[in-house]
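Trainee: Take this structure first; my questions come after.
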Ligand code: CP
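Residue numbers (this note's numbering): 19 to 340.
Structure below.
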């Protein structure tokens, strides 16, 4: 694995999953494989889980992790080719990325989409510019359109439940749109759909109000159901997430407060486990009752971010010994 940006970079999901589960039971079994190697964690946006879980994962592999909050501490970066830099940006990615490539063996980047121009976000300009100019492997800590380490942690979390409880049929996983106070990226929803359908161990149903259709390039293989009650019926897992519209791009339509997951609509499910990537707006996206219930897996999901990152970084480190 040279770069890790999406499910498509994973040659064998079951093998990667086994590795992550091994790391969870024995975190330090590969504590020397990253010795003498350094990973730069570049944040262009805020983060709690991604930042800390990736640092812990790198430490478990004997690797040094250096965090750089580019948005707060760095020069304002320019990403446009041929830009006349007479505005607010101070340093071009063409100049900054090669320098970072000299300091680090792997560069990990966290960016969000601007949600203003679909084409600009969906071509993944920020992360692609780092790949083009840094000259070292690049790991996505969430990009404009995808959040692969989160989705892999979600796969780990569901796999643990499948191992714990015998399922007589293919488990039904529902990704439900949730209300929010502002337009959010599509990354988690796109990525979750891509990993669930690519993994193939579950049936994925996506439910949302009309107008919130995601890009078909990520949802193909999933069933779309506009009626949330119908979608939730007999669900084994419910993944709750808000996203803004894809077409027109980046908009928030009506409030849709009735789409919040509460004890009332959850009753339709097969005592479904509840998932959310966090951070979550309580009593907007999900009720306290649901988040504080024994059916909530949100802490397990966040905890599994360590093993997700550790398995992926270990795969990337193998490239150095080829
Ligand atoms: N789920 C997630 O990526 O959390 P952070 O934004 O805190 O990293």
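A virtual CB, placed ideally from N, CA and C, is assigned to each residue, including glycine. The model shown is predicted, which means the values in this text are computed figures rather than measured ones.
Under 8 Å, do residue 115 and residue 162 count as touching if we go by C-beta distance?
Mentor: To locate residue 115, count along the chain shown from 1; it is residue 97. To locate residue 162, count along the chain shown from 1; it is residue 144. No; because the gap between Cβ atoms is not below 8 Å, this pair is not in contact.
Trainee: Within 10 Å of its beta-carbon, does residue 94 have 16 or more other beta-carbons around it, so buried, or fewer, so exposed?
Mentor: Along the chain shown, one-based indexing puts residue 94 at 76. That one is exposed.
Trainee: Using a threshold of 7 Å, is the CB atom of residue 65 nearer than that to any non-hydrogen atom of the ligand CP?
Mentor: If you number the chain shown from 1, residue 65 lands on position 47. Checking every heavy atom of the ligand CP against the Cβ of residue 65, one is found closer than 7 Å.
Trainee: If you draw a straight line from the C-alpha of residue 305 to the C-alpha of residue 284, how long is it?
Mentor: Here the question's residue 305 lines up with position 287 in the chain shown. Here the question's residue 284 lines up with position 266 in the chain shown. Taking the straight line from one Cα to the other gives about 11 Å.
Trainee: How long is the line joining the alpha carbons of residue 83 and residue 328, rounded to whole angstroms?
Mentor: As a position in the chain shown, residue 83 is number 65, starting the count at 1. As a position in the chain shown, residue 328 is number 310, starting the count at 1. Going from the Cα of residue 83 to the Cα of residue 328 covers about 12 Å.
Trainee: Can residue 296 be considered in contact with the ligand CP, in the sense that its beta carbon sits closer than 7 Å to one or more heavy atoms?
Mentor: As a position in the chain shown, residue 296 is number 278, starting the count at 1. True, at least one ligand heavy atom lies under 7 Å from that Cβ.
Trainee: Would you call the CB atoms of residue 296 and residue 321 closer than 8 Å?
Mentor: Within the chain shown, numbered from 1, the residue matching residue 296 stands at position 278. Within the chain shown, numbered from 1, the residue matching residue 321 stands at position 303. Taking 8 Å as the Cβ cut-off, residue 296 and residue 321 do not qualify as a contacting pair.
Trainee: Taking only runs that begin and end inside the stretch 59-102, name each unbroken alpha helix (DSSP H) of 4 or more residues, in chain order.
Mentor: 67-78 and 88-91
Trainee: Which residues in the same chain have their Cβ closer than 6 Å to the Cβ of residue 236, if we skip the five residues on either side of it in sequence?
Mentor: Locating residue 236 in the chain shown gives position 218, where the first residue counts as 1. Here the set comprises 208, 211 and 212.
Trainee: Mind checking residue 223: buried by the 16 CB within 10 Å criterion, or exposed?
Mentor: Numbered from its first residue, the chain shown carries residue 223 at position 205. Flag for residue 223 reads buried.
Trainee: Does the count of Cβ pairs from the stretch 252-261 and the stretch 66-73 closer than 8 Å reach three?
Mentor: no
Trainee: Give me, in chain order, the residues of the same chain whose beta-carbon lies closer than 8 Å to that of residue 188; leave out the 5 immediate sequence neighbours on both sides.
Mentor: What you label residue 188 is simply residue 170 of the chain shown in a count that begins at 1. Counting only Cβ-Cβ distances below 8 Å, and skipping sequence neighbours, we find 219, 220 and 221.
Trainee: Any chance you could list the alpha helix (DSSP H) runs of at least 4 consecutive residues sitting entirely within the stretch 134-215, in chain order?
Mentor: 136-140, 143-152 and 166-182
Trainee: For the alpha helix (DSSP H) that contains residue 41, what are its first and last residues?
Mentor: Taking the first residue of the chain shown as 1, we reach residue 41 at position 23. Run containing residue 41: 31-43, per the alpha helix (DSSP H) assignment.
Trainee: If residue 215 and residue 239 are in contact, beta carbons under 8 Å, what's the gap, nearest whole angstrom?
Mentor: The count along the chain shown starts at 1 and reaches residue 215 at position 197. The count along the chain shown starts at 1 and reaches residue 239 at position 221. The beta-carbon separation of residue 215 and residue 239, rounded to 3 Å, stays under the 8 Å limit for a contact.
Trainee: For residue 171, count neighbouring C-beta atoms within 10 Å of its own C-beta (all shown protein chains included) and say buried if the count is 16 or more, exposed if not.
Mentor: In the chain shown, residue 171 corresponds to position 153, counting from 1. By the neighbour-count rule (16 or more Cβ atoms within 10 Å), residue 171 is buried.
Trainee: In this structure, what does DSSP give as the bridge partners for residue 223?
Mentor: Here residue 223 refers to the residue found at position 205 when the chain shown is read from its first residue. DSSP output for residue 223 lists 192 and 241 as bridge partner(s).
Trainee: In whole angstroms, what separates the C-alpha of residue 228 from that of residue 249?
Mentor: Here the question's residue 228 lines up with position 210 in the chain shown. Here the question's residue 249 lines up with position 231 in the chain shown. Each residue's alpha carbon lies about 14 Å from the other.
Trainee: Helix, strand or coil for residue 22? Go by DSSP, reduced to three states.
Mentor: For the purposes of this step, residue 22 is identified with residue 4 of the chain shown, where counting begins at 1. Reduced to three states, the DSSP call for residue 22 is strand.
Trainee: Can you tell me whether DSSP reads residue 126 as helix, strand or coil?
Mentor: Position 108 of the chain shown holds residue 126. The answer is strand: DSSP assigns residue 126 an E or B state.
Trainee: Take residue 131 and list the residues in its own chain whose beta-carbon comes closer than 6 Å to its own, dropping the five residues that flank it on each side.
Mentor: Against the chain shown, residue 131 aligns to sequence position 113. If we look at residue 131 and ignore the five residues flanking it on each side, its Cβ neighbours are 139, 162 and 203.
Trainee: Would residue 51 and residue 70 be called neighbours here (beta carbons separated by less than 8 Å)?
Mentor: Looking up residue 51 in the chain shown gives position 33. Looking up residue 70 in the chain shown gives position 52. Not in contact: residue 51 and residue 70 (Cβ atoms no closer than 8 Å).
Trainee: Quick check: what's the CA-CA separation for residue 144 versus residue 279?
Mentor: Taking the first residue of the chain shown as 1, we reach residue 144 at position 126. Taking the first residue of the chain shown as 1, we reach residue 279 at position 261. Going from the Cα of residue 144 to the Cα of residue 279 covers about 34 Å.
Trainee: Could you tell me the alpha carbon to alpha carbon distance between residue 33 and residue 40, rounded to whole angstroms?
Mentor: Start at 1 with the first residue of the chain shown, and residue 33 comes out as number 15. Start at 1 with the first residue of the chain shown, and residue 40 comes out as number 22. So the two alpha carbons sit approximately 11 Å from each other.
Trainee: Going along the chain, which unbroken runs of the beta strand (DSSP E) with 3 or more residues stay wholly within the stretch 273-311?
Mentor: 291-293
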